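This report refers to the structure that appears directly beneath it.
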Amino acid sequence: MLKIKDLRVSVEDTEILKGVNLEIKPGEVHAIMGPNGSGKSTLGFVLAGKDDYEVTSGSVEYQGQDLLDLSPDERARDGVFLGFQYPVEIPGVSNSNFLKMIINSIRKSRGQEELDALAMLKLLKEKLASLGMDTNMLKRSLNDGFSGGEKKRNEILQMAVLDPKLAILDETDSGLDIDALKVVSDGVNSMRSPDRSFLIITHYQRLLNYIVPDFVHVLVDGKIVKSGDKSLALELEDKGYDWVKKESSEVMA
Amino acid sequence: MSDSMQTLEKHTQSEYKYGWSSDIEMDIIPKGLSEEVVRMISAKKKEPKWLLDWRLEAYAKWKTMKEPNWAKLNIAPISYQDIIYYAAPKKQKKLNSLDEADPELLKTFERLGIPLDERKVLAGVAVDAVIDSVSVTTTFKKKLGELGIIFCSFSEAVQEHPELVREYLGSVVPQNDNYFAALNSAVFSDGSFCYIPKGVRCPMELSTYFRINAANTGQFERTLIVAEDDSYVSYLEGCTAPMRDENQLHAAVVEIYAKERAFVKYSTVQNWYPGDKDGKGGVYNFVTKRGLCNGFRSRISWTQVETGSAITWKYPSCILKGNESIGEFYSIAVTNNYQQADTGTKMIHLGKNTKSTIISKGISAGKSHNTYRGLVKIGKKADNARNFSECDSLLMGDRCGAHTFPYIEIENQSGKVEHEATTSKIGADQMFYCTQRGLSVEDAINLIVNGYCKEVFNELPMEFAVEAQKLLEISLEGSVG
Numbered sequence: 003m004l005k006i007k008d009l010r011v012s013v014e015d016t017e018i019l020k021g022v023n024l025e026i027k028p029g030e031v032h033a034i035m036g037p038n039g040s041g042k043s044t045l046g047f048v049l050a051g052k053d054d055y056e057v058t059s060g061s062v063e064y065q066g067q068d069l070l071d072l073s074p075d076e077r078a079r080d081g082v083f084l085g086f087q088y089p090v091e092i093p094g095v096s097n098s099n100f101l102k103m104i105i106n107s108i109r110k111s112r113g114q115e116e117l118d119a120l121a122m123l124k125l126l127k128e129k130l131a132s133l134g135m136d137t138n139m140l141k142r143s144l145n146d147g148f149s150g151g152e153k154k155r156n157e158i159l160q161m162a163v164l165d166p167k168l169a170i171l172d173e174t175d176s177g178l179d180i181d182a183l184k185v186v187s188d189g190v191n192s193m194r195s196p197d198r199s200f201l202i203i204t205h206y207q208r209l210l211n212y213i214v215p216d217f218v219h220v221l222v223d224g225k226i227v228k229s230g231d232k233s234l235a236l237e238l239e240d241k242g243y244d245w246v247k248k249e250s251s252e253v254m255a
Numbered sequence: 018m019s020d021s022m023q024t025l026e027k028h029t030q031s032e033y034k035y036g037w038s039s040d041i042e043m044d045i046i047p048k049g050l051s052e053e054v055v056r057m058i059s060a061k062k063k064e065p066k067w068l069l070d071w072r073l074e075a076y077a078k079w080k081t082m083k084e085p086n087w088a089k090l091n092i093a094p095i096s097y098q099d100i101i102y103y104a105a106p107k108k109q110k111k112l113n114s115l116d117e118a119d120p121e122l123l124k125t126f127e128r129l130g131i132p133l134d135e136r137k138v139l140a141g142v143a144v145d146a147v148i149d150s151v152s153v154t155t156t157f158k159k160k161l162g163e164l165g166i167i168f169c170s171f172s173e174a175v176q177e178h179p180e181l182v183r184e185y186l187g188s189v190v191p192q193n194d195n196y197f198a199a200l201n202s203a204v205f206s207d208g209s210f211c212y213i214p215k216g217v218r219c220p221m222e223l224s225t226y227f228r229i230n231a232a233n234t235g236q237f238e239r240t241l242i243v244a245e246d247d248s249y250v251s252y253l254e255g256c257t258a259p260m261r262d263e264n265q266l267h268a269a270v271v272e273i274y275a276k277e278r279a280f281v282k283y284s285t286v287q288n289w290y291p292g293d294k295d296g297k298g299g300v301y302n303f304v305t306k307r308g309l310c311n312g313f314r315s316r317i318s319w320t321q322v323e324t325g326s327a328i329t330w331k332y333p334s335c336i337l338k339g340n341e342s343i344g345e346f347y348s349i350a351v352t353n354n355y356q357q358a359d360t361g362t363k364m365i366h367l368g369k370n371t372k373s374t375i376i377s378k379g380i381s382a383g384k385s386h387n388t389y390r391g392l393v394k395i396g397k398k399a400d401n402a403r404n405f406s407e408c409d410s411l412l413m414g415d416r417c418g419a420h421t422f423p424y425i426e427i428e429n430q431s432g433k434v435e436h437e438a439t440t441s442k443i444g445a446d447q448m449f450y451c452t453q454r455g456l457s458v459e460d461a462i463n464l465i466v467n468g469y470c471k472e473v474f475n476e477l478p479m480e481f482a483v484e485a486q487k488l489l490e491i492s493l494e495g496s497v498g
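Sequence order for the protein chains is A and B. Each residue of the first sequence is one higher than the one before, starting from 3 at the first, in the working numbering. Each residue of the second sequence is one higher than the one before, starting from 18 at the first, in the working numbering.
This is the structure:
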């Protein structure tokens, strides 16, 4: 599904990612953990194709093609979804209109027929119900005046309707109370399937109690310094990031 | 069919023929403006003496006035003696079918969603008398007549309803109001007249069904709308279809007279030729639009979507004379390439408990300049007057400019005036968010811009709003990326 090789990325001449290697196979759930400023969000943005992130070396292969060659919308249409840590507000654009546009844009690119208003409403209502969300969400302006929890749930709703192949969730758990956390993780778990992969970026182990990953990687200072299974997350919770930092600097030395 | 409906540039050069071939000498008015020319115009239109006198008075006043230069516009000098002030309705070359029309133009019609029959008329295809729009026009004219509503060309009104025209002409915009209004008063060619009798609610959007006819504007258009007590009318001016027009200077005047509890809603979409990408050519659009709320609770609402013209200079205004009268102004002004727009409104509060709302959305792209200029004045006797203004500017790219000049004059301390202004750029974050969801860059811009303009689109009649949204997309095409 995704092969990242020696990826180096700079923002305004400051190197953020310093040689990241990672392979994600279909159906796998990977978690990236790490302290603030380690480059976690940068990794998500680079994979989604955000401007201002300069790839200085390395490669990213996605479903057999060079991901870095594609524009953000092409990546999205090929099944890459990024759940934003800070979802963007767009005043005056209704949530339902936005959802209709993105669903039909993705459907069109897949050679599927565009959904008419009725079929669209049915789909949205179904997904909202499965996420335990209120239909009022549809009428409001996109993320405009949404609470933190509402924004994150809205991200999961978009993920659910777009049916991506690779979903990258950037700190989707931050700012969520326990109920919202459950809604979000239930949404993710219900979408787990043998041909869909997840990359979960998180600062805390808490989320991984709900979304159990196949692999956990620790990103420190732009490099993956440790990889393991779900127990690594627990160990981190116990010992803190200083422990891996120390260990990794010993390895380097 | 008028020249302003002529949309195929290739035909504008040589293939126009003046409409009356019988006496060519008589019908070519020499270039330039003089008392003689004013007399000729009036004579050609077989106008009564009082109207000729009125024109001459306006001409005399115009001669003493100076061209204004306070607007934030960069204008190449206009030579008023090089303009032909009277041209009979011109004939354009008739095409046999849409296949002969400019494919670019047809594409635009298609994208604007203009009905097929209208496309034919706009493109200059010969059409039978039985096409829908024509018979629809007749049917609706009959229906309006039954309600006592008068809706006709200005010239027709002068002949058929001289007493009404005489009573209200110049009652809202006096001859010497400003340089261009004075010019218009002297030489106006034609326009529309609309009269809604007492207690009548006009059952349809005026000019939706007459759009093709109403597009017959001419260079110096004059519109007069009179709404008697307790009446209502929604009036649409303009057309979303591209207007390629060889007239450089347009100086129109619109007057609205609203009496007690009357409500007049006036919507405009202006899409005249803006000039090319290098700023060559294009229409100068200098318009005076004003409404008088002359009774208790009368209400006038202006909504405009301005995307065309090289230069726009326009301030639809409301004089809130009646107690508790209401004035509203909703505007979207889009400038691209080298276009310049200086537009806004004036809300003059004279009566007690008068209210006004101003929502202005400017969008600048390319190397264009977009200015909001507005005046809120609260007179001595206007107790408890209230105004709310919101002026937003959206910049696309970094070579364009947005400017806001809100003027406030308050002579009564019980007044309450609120002004909000924002300037923003289309955010890179918003763009990335949309494209990450699979929208193309163009779709993302359209979505964000339409969201930004939503408050104003909401004020437009439904079908007009849909076309206006598409028009915005076309106007901003290629402005980013």
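For every residue, glycine included, the Cβ atom is placed at its ideal position computed from N, Cα and C. Since the model is a prediction, treat every value here as computed from it, not as a measurement.
Test: residue i CB closer than 8 Å to a CB of chain B
i: residue 86 (chain A); result: yes
i: residue 104 (chain A); result: yes
i: residue 95 (chain A); result: yes
i: residue 255 (chain A); result: With a pLDDT of only 48 at residue 255 (chain A), under the threshold of 50, the placement of this residue in the model should not be trusted, and no figure is reported.
i: residue 160 (chain A); result: yes
i: residue 52 (chain A); result: yes
i: residue 163 (chain A); result: no
i: residue 18 (chain A); result: no
i: residue 213 (chain A); result: no
i: residue 90 (chain A); result: yes
i: residue 78 (chain A); result: yes
i: residue 11 (chain A); result: no
As assigned by DSSP and simplified to three states, the class of residue i
i: residue 79 (chain A); result: helix
i: residue 196 (chain B); result: helix
i: residue 41 (chain B); result: Interpretation of residue 41 (chain B) is limited by its pLDDT of 30, a score under 50 that renders its predicted location unreliable; the figure taken from the coordinates is listed afterwards. Helix.
i: residue 100 (chain A); result: helix
i: residue 416 (chain B); result: coil
i: residue 124 (chain B); result: helix
i: residue 244 (chain B); result: strand
i: residue 198 (chain A); result: strand
i: residue 58 (chain B); result: helix
Listed by chain order, chain A residues near residue i by CB distance under 7 Å
i: residue 379 (chain B); result: Under the 7 Å cutoff, chain A gives no residues; its nearest Cβ is about 15 Å from residue 379 (chain B).
i: residue 456 (chain B); result: 75, 103, 104 and 107
Residue i versus residue j - alpha carbon distance
i: residue 284 (chain B); j: residue 304 (chain B); result: 14 Å
i: residue 475 (chain B); j: residue 83 (chain A); result: 33 Å
i: residue 206 (chain A); j: residue 35 (chain A); result: 7 Å
i: residue 200 (chain B); j: residue 377 (chain B); result: 28 Å
i: residue 64 (chain B); j: residue 483 (chain B); result: 40 Å
i: residue 192 (chain A); j: residue 211 (chain A); result: 15 Å
i: residue 374 (chain B); j: residue 338 (chain B); result: 16 Å
i: residue 165 (chain B); j: residue 218 (chain B); result: 11 Å
i: residue 389 (chain B); j: residue 86 (chain B); result: 16 Å
i: residue 436 (chain B); j: residue 477 (chain B); result: 23 Å
i: residue 470 (chain B); j: residue 486 (chain B); result: 9 Å
i: residue 5 (chain A); j: residue 28 (chain A); result: 11 Å
i: residue 3 (chain A); j: residue 69 (chain A); result: 11 Å
Any C-beta of chain A under 8 Å from that of residue i
i: residue 445 (chain B); result: yes
i: residue 452 (chain B); result: yes
i: residue 460 (chain B); result: yes
i: residue 405 (chain B); result: no
i: residue 449 (chain B); result: yes
Beta-carbon neighbours of residue i, restricted to chain A and to distances below 9 Å
i: residue 212 (chain B); result: The premise fails here: residue 212 (chain B) is roughly 37 Å from chain A at the closest Cβ pair, so nothing lies under 9 Å.
Distance cut-off 7 Å: residue i Cβ against heavy atoms of the ligand NAD
i: residue 168 (chain B); result: You won't find the ligand NAD in this model; it holds no ligand whatsoever.
Contact set between residue i and chain B, taken where Cβ atoms lie within less than 8 Å
i: residue 203 (chain A); result: Chain B residues near residue 203 (chain A): none, gap ~15 Å exceeds 8 Å.
Beta-carbon neighbours of residue i, restricted to chain B and to distances below 9 Å
i: residue 111 (chain A); result: 455
**Item:** the region 62-74 of chain A / the region 138-155 of chain A touching (three or more Cβ pairs under 8 Å)
**Value:** Under the 8 Å Cβ criterion, the region 62-74 of chain A does not count as touching the region 138-155 of chain A, having fewer than three qualifying pairs.
**Item:** Validate contact between the region 393-413 of chain B and the region 447-455 of chain B using beta carbons, cut 8 Å, 3 pairs
**Value:** Put simply, the region 393-413 of chain B does not touch the region 447-455 of chain B. Fewer than three CB pairs are less than 8 Å apart.
**Positions along the region 465-497 of chain B whose CB lies within less than 8 Å of some CB in chain E** = In the structure shown, chain E does not exist; the protein chains are A and B.
**Prompt:** Do the region 321-333 of chain B and the region 292-306 of chain B meet, that is, are 3 or more Cβ pairs less than 8 Å apart?
**Reply:** These segments touch.
**Prompt:** Does the region 164-175 of chain B come close enough to the region 205-220 of chain B to have 3 or more Cβ pairs within less than 8 Å?
**Reply:** Yes, the region 164-175 of chain B touches the region 205-220 of chain B.
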